[in-house]
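Everything on this sheet refers to the single structure shown next.
Protein chains: 2
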Amino acid sequence: MENTYLLEKDFKELLKEQNAYREVISLTHWDMRTKIPHKGVEQRSEVVGFLAEKLHQLETSEKMKYFIDVLKDNTDDEIIKKTLAECEKNYERNRKIPHDEYREYVMLQSKSEAVWQEARQKADFALFQPYLEQLVEYNKKFANYWGYEVNIYDALLHNYEPGVTVKTLDRVFPELRKSLTDLLEFINNSNVKPDSSLLTAHFPKEDQKAFSVEILKKMGYDFLSGRLDETIHPFAIGLNLNDVRITTRYDEEDFRMAVFGTIHEGGHALYEQNLNPNLVNTPLAEGTSMGIHESQSLFWENFVGRSKAFWESNYDLFKAYAPDQFKNIPVEDFYQAVNIVKPSLIRIEADELTYPLHIMVRYELEKALINGDVPVKDLPHLWNEKMNDYLGIKPSTDREGVLQDIHWAGGDFGYFPSYALGYMYAAQLNNAFSKNKNIEKIITLGDYEPIRNWLKEHIHQYGKMKKPLEIIEDVTNEQLNPDHLVRYLTNKYKEIYKL
Amino acid sequence: MENTYLLEKDFKELLKEQNAYREVISLTHWDMRTKIPHKGVEQRSEVVGFLAEKLHQLETSEKMKYFIDVLKDNTDDEIIKKTLAECEKNYERNRKIPHDEYREYVMLQSKSEAVWQEARQKADFALFQPYLEQLVEYNKKFANYWGYEVNIYDALLHNYEPGVTVKTLDRVFPELRKSLTDLLEFINNSNVKPDSSLLTAHFPKEDQKAFSVEILKKMGYDFLSGRLDETIHPFAIGLNLNDVRITTRYDEEDFRMAVFGTIHEGGHALYEQNLNPNLVNTPLAEGTSMGIHESQSLFWENFVGRSKAFWESNYDLFKAYAPDQFKNIPVEDFYQAVNIVKPSLIRIEADELTYPLHIMVRYELEKALINGDVPVKDLPHLWNEKMNDYLGIKPSTDREGVLQDIHWAGGDFGYFPSYALGYMYAAQLNNAFSKNKNIEKIITLGDYEPIRNWLKEHIHQYGKMKKPLEIIEDVTNEQLNPDHLVRYLTNKYKEIYKL
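In order, the protein sequences belong to chains A and B. Counting along the first sequence from 1, when you hit position 82 you're at 82 in our numbering, and nothing is skipped either side. Counting along the second sequence from 1, when you hit position 429 you're at 1429 in our numbering, and nothing is skipped either side.
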């Protein structure tokens, strides 16, 4: 047998190479979404494609296979063990896809995103339809290559939320939907109608930014290991754990976009900034899943940032930056206004309560698509029907309907459920946190360190060392349970809408 | 013999790979100098090192050698022919350096830059000395690997200005020096003392930026293929010809830094934006040498941007952005003030006339270092003496003396002469341009298209298709000739200083 120490050393070199590609790919994505000049995009796309292929080659190389085989049963190092498992998963999944199909698919993705943008702008689904049909076919094919136990859609879910299946979602989503639509009905019938007009005062970008930065600092986001930029579609991205960037979008007529957006992305960023440094240069040095990532952003955005305690303690700070019109508005009115519930067509503008319903519309449609239960051409019609069923409103064009999100154009099937899962996880984590600690009191005092430390201790530090459901079960001592989210929303909105 | 068409196709694939690395390395450098958060630098340095090594491996690969050997005499494509010659040059030069020495040297460079920063801050040359000694030794060793005909320093010059040798420099520099120091003496004795106090009005950054952007647009810099950012040490960088970025630095108490700085970097950027698109994805798609690059930036900065015609036509625009104090200052006074000649210690703050003297100080010292004529430890002393000889002033600390520039810390020996060469080239180009066109009139009219087009036609489009001296001789019908610069400076300053 070879010398394990030397083998581990060589293996780490390979991981470092992979990581170098990952970091520049991330930098390139960040740059393309925030800084790149218009005409530079075309050439850059080729560069990104090249780098992605290099990384893919390393992940599926014979060398990688060799390390997996030889080291797997010969290491005592827990990080290396988990790293090997992660590498093996990637190796197996990637090797199952024939190289030429992968190439064609990558090209289809980038072409489809461009077509989708045009289709969305023109509100013309027919333009996008043939591309979406091909994307669905590829995803079905890949799902079959990867394999699954019960439902073909499980194979795609696995890419974003390992351990979560159609069975799980079909258990929790209907229950959640029922509770949310009941609550929505009560709210629609309530006599309380918070005044939303106060939200739309002209609020200069620079002032919104200054306030957002103050809040990010209070959250513990480290600006020496990150930065805040502007973009059209906000995101957080970790280049390495000392370079975790966030982006936001400013609407000078509606400060909520930037204020809650930066808190949300700040939540993502705290996850990546607080990973265990020993995971650096391994594929474990990132959030364990899309759902757990979203639980962190939503924990901060909703459970902290939209709480009454948060605004009671930060309203003076807010008013110091905000336009004069807020001067005479009591914090209670302000709190109610930023928590108005109102069904709307665009997912990313949805309120806390109706948001999960948007996700369910998408989940049911993509599950049906992948299972071959509905053809792509019926999507616009089905979308509008479901929106009407779940939210009581109907898009007048496909731009506000089936064409609104980029995910399918990028081939991301199985991704949407993470948003709702993350929300349920967040509520469940909030419940666990609140067993020993008074979150309201902490928020009122304005020093969020106990929250940040708790999240770091139980979630952030692990990166991919723990699977998503492992984290949830370890921290909350139960399985995924939608009741916590329902209870949270019920309590909150009963108070606001005097139900 | 193999099918040439297929071979060329494969060769182009290899070039594309190299180019992808070049583009991300450039992006990474840009990011590190403009955007990266403080703590992200360490990890990023490793990533850059990795990418540089990958590129180096491709440049020196057996595959590359194969293409060079097989294709060289079997292609009719002029671009491929010149590309092969460029690849062969890189192959030969890089292969001559043993791999482990290259690695050690790269590590020494990055370490030395860090030490230099500390030494500069503390004005403590002794800290930096041992590193500089090693850097000099490596460069001597490399120069011997590469080979040279007359002077060992020629081998280093070749990296930055192929075709230019010590013999050339020792012909033109003394002549130039004599003329400049004579002119300087006249100026020092002149009764005309332009009032410089007007330059230092507080000038808000945003206004300086707005004015600079207007000038860049007038120059023809394409913001759809570029962007302007802030940095400490301004630079221009071409990621690809549709993504050529410039950076600048704002001093709110001295607008000259940003205004002339952006014109300078804009001149570099125009070069890269106007390359022949057929050169994309070859190593020819960049400026042909440091000297020719500098000729472009200096052409715009000095021959356009510091001319009387420029300020006569742009002074109203300037005053629209500038603080009120300029309102009552006649353009003649303003023109004289931005052209004040005054020997100073810091190269990058030097005026047009004394700038080449700074370069000569460095050239003579590094030539002596590489030839083993002076030991590193004597540098501070020799530097101060030469400054006194050439400029009549002496640094009081090494921070303002031998430690001011980063070049040696990065191992860049042979680079400095490019700055003075670029200046002489620019004057020679200006002379050639002025034979058929009236540059003053064009500048006065404010539409610089004839200038931009002429530079594009004679210089920019070629990229590395032509060698630096080939360009100069083709355009000006003579060899490098310092007289044009001397005449330009003499005429200009005779008028300003009434000599």
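Using N, Cα and C, we set each Cβ at its ideal position, and we do this for glycine too.
- Would A:Asp447 count as contacting chain B if we go by Cβ distances under 8 Å? no
- Taking only beta carbons into account, state which residues of the stretch 1230–1262 of chain B come closer than 7 Å to chain A, listed in chain order. Leu1239, Asn1240, Asn1242, Asp1243
- Item | chain B contact residues for A:Lys205, given Cβ-Cβ distances below 7 Å | Correct list: empty, because the minimum Cβ distance to chain B is about 13 Å.
- Report, in whole angstroms, the separation of the C-beta atoms of A:Glu400 and A:Ile346, which I expect to be a contact under 8 Å. 6 Å
- Query: Can you find a CB in chain A that lies within less than 8 Å of the CB of B:Arg1044?
  - Reply: yes
- Message: Using a Cβ distance threshold of 8 Å, determine whether the stretch 1195–1204 of chain B contacts the stretch 1179–1186 of chain B, with at least three qualifying pairs required.
- Response: no
- Query: Looking at the C-beta of A:Ala409, does it have a partner C-beta in chain B at a distance below 8 Å?
  - Reply: no
- At which residues does the alpha helix (DSSP H) containing A:Gly238 begin and terminate? Going by DSSP, A:Gly238 is part of no alpha helix (DSSP H) but of the beta strand (DSSP E) stretching over 236–240.
- Query: Is A:Thr200 helix, strand or coil by DSSP?
  - Reply: helix
- Item | Nearest neighbour of A:Ser110, chosen from A:Glu78, A:Glu42, A:Leu127 [CA to CA] | A:Glu42
- Exposed or buried, what is A:Arg487 when buried is set at 16 or more other beta-carbons lying within 10 Å of its beta-carbon? So A:Arg487 counts as exposed.
- Cβ of A:Phe223 within 8 Å of any chain B Cβ: yes
- Item | Environment of B:Ala1357 [buried if 16+ CB atoms lie within 10 Å] | Just to set this straight, residue 1357 of chain B is Leu in the shown sequence, not Ala. Label assigned to B:Leu1357: buried.
- Please classify B:Pro1283: is it buried, with 16 or more other beta-carbons within 10 angstroms of its beta-carbon, or exposed? buried
- Are A:His264 and A:Trp311 touching if we call contact CB-CB under 8 Å? The answer is no: Cβ separation not under 8 Å.
- Amino acids of chain A, ordered along the chain, whose beta-carbon sits closer than 8 Å to that of B:Val1024: Val24, Leu27, Thr28, Val47, Leu51
- Where A:Asp251 falls: helix, strand or coil (DSSP): In this structure, A:Asp251 counts as coil in the three-state DSSP scheme.
- In chain B, what lies closer than 7 Å to A:Arg227 by C-beta? By Cβ distance, chain B contributes Lys1035, Pro1037.
- Message: Could you give the first and the last residue of the continuous beta strand (DSSP E) run that contains B:Leu1228?
- Response: 1228–1230
- Between A:Asn144 and A:Ala85, what straight-line distance do the alpha-carbon atoms span, to the nearest angstrom? 22 Å
- List the endpoints of the continuous alpha helix (DSSP H) containing A:Thr444. 439–445
- Query: B:Lys1065 to B:Lys1089, Cα distance in whole Å?
  - Reply: 11 Å
- Task: Quick one: list the residues of chain B neighbouring A:Glu8, beta-carbon separation under 7 Å, in chain order.
- Result: Those within 7 Å of A:Glu8 in chain B number zero; the least Cβ separation is about 19 Å.
- Message: So, does the stretch 255–271 of chain A touch the stretch 1048–1068 of chain B, judging by three or more C-beta pairs under 8 Å?
- Response: no
- Item | Sequence-distant residues of its chain with Cβ nearer than 8 Å to A:Tyr221 (five each side left out) | Ile246, Gly266, Ala269, Leu270, Gln273
- Task: Can you have a look at A:Glu137 and say buried or exposed, based on whether 16 or more other CB atoms are within 10 angstroms of its CB?
- Result: exposed
- Task: Determine, using beta carbons only, whether B:Gly1040 comes closer than 8 Å to chain A.
- Result: yes
- Message: So, for A:Thr165: in the same chain, excluding its five sequence neighbours on each side, which residues have a beta-carbon less than 6 Å away from its beta-carbon?
- Response: Asp154
- Once you ignore the five residues that flank A:Val542 on each side, which residues in its own chain have a CB closer than 6 Å to its CB? Since the first residue of chain A shown is 1 and the last is 499, residue 542 of chain A is not available in this structure.
- Name the DSSP bridge partner or partners of A:Val244? For A:Val244, DSSP records a beta bridge to A:Gly238.
- Enclosing alpha helix (DSSP H) for B:Asn1003 [first to last residue]: No alpha helix (DSSP H) contains B:Asn1003, which DSSP labels as neither H nor E.
- Query: Is it the case that the Cβ atoms of A:Gly446 and A:Ser313 are separated by a distance below 8 Å?
  - Reply: yes
- Message: When you compare the CB of A:Glu17 with every CB in chain B, is at least one pair closer than 8 Å?
- Response: yes
- Check distances from the C-beta atoms of the stretch 91–113 of chain A to those of chain B and list, in chain order, the residues that come in under 7 Å. none
- Message: For chain B, check one thing: does any of its Cβ atoms lie closer than 8 Å to the Cβ of A:Asp31?
- Response: yes
- Query: Between which two residues does the alpha helix (DSSP H) containing B:Gln1325 stretch?
  - Reply: Run containing B:Gln1325: none; DSSP gives neither H nor E here.
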